[in-house]
Each structure stands twice: as structure tokens, then as C-alpha cells.
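K.L.:
Quick one: the structure is below, and I'll ask about it shortly.
Residue numbers (the numbering used here): 6 to 104.
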């Protein structure tokens, strides 16, 4: 099933990115509160960039034989680049704060 178990709620690209941000920056010793704030910043920027956090809005046709999962490939590629750029900016911000 896609879109949070077929409910077409928060997009898996967002969910995966939030989990990765938490795990990656947690392993780097970033405090819980700062990681929560970081995830909020990410979610806000993702929504601004892509128009929503919700599968229902990012993929209004849903997932069916006329609208298969591979149609998310372009969004996925753009999202991966977006996550990389966000992480790079956060790394730089954290390095600046530690100077």
C-alpha cells in the first residue's frame, strides 16, 4: 500500500527524510530538541517547495493501474536532491554555531 497504508496521508518521501534527519543528526550528537526543530524546518520547506506534505495532494490520482508508483520517480529525484541540500545547509549552520 502507498500513502501511509492507503490513507494517502503524509508522503513516504517526507517520512523517510524525517527519519534519516533524526538518525543522522542524532548520531552526530545533535540534541533532541534541535533535531525536532530541524525536522519542523524541513517539513515547512518541503511543503513550500513541493506544495504539500500529503500524498493525497502530491499525487492526486492515487496509486492504481492507471497511475502506477513509478510515476513518482521525478518527485523522488527532486526530493532526494532537496534533502541533500537541506542537510548540507544544516551541517553548515551547526558548524557555524559551534565556532
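Positions of the beta carbon are idealized from the N, C-alpha and C atoms, including for glycine.
These numbers were taken from a predicted model, which means no experiment stands behind them.
Rounding to the nearest angstrom, what Cα-Cα distance links residue 24 and residue 80 in this structure?
P.N.:
When rounded, the distance between both Cα atoms is 18 Å.
K.L.:
Figure out for me which residue from 44, 17, 37 has the closest Cα to the Cα of residue 95.
P.N.:
Residue 95 has its Cα closest to that of 44, out of 44, 17, 37.
K.L.:
Under a three-way DSSP split, which group does residue 59 fall into?
P.N.:
Residue 59: strand per DSSP, three-state reduction.
K.L.:
Here's a check: name, in chain order, each residue in its chain whose Cβ is nearer than 7 Å to the Cβ of residue 57, leaving out the five neighbours to either side.
P.N.:
The answer, listed in chain order, is 63.
K.L.:
Going straight from the alpha carbon of residue 77 to that of residue 52, what length do you get?
P.N.:
Each residue's alpha carbon lies about 16 Å from the other.
K.L.:
Counting along the chain, where does the alpha helix (DSSP H) carrying residue 66 start and finish?
P.N.:
Careful: residue 66 lies outside any alpha helix (DSSP H) and carries neither H nor E.
K.L.:
List the whole-angstrom C-beta distance separating residue 26 from residue 55, where the pair is believed to meet the contact cut-off of C-beta under 8 Å.
P.N.:
16 Å between Cβ atoms; not a contact.
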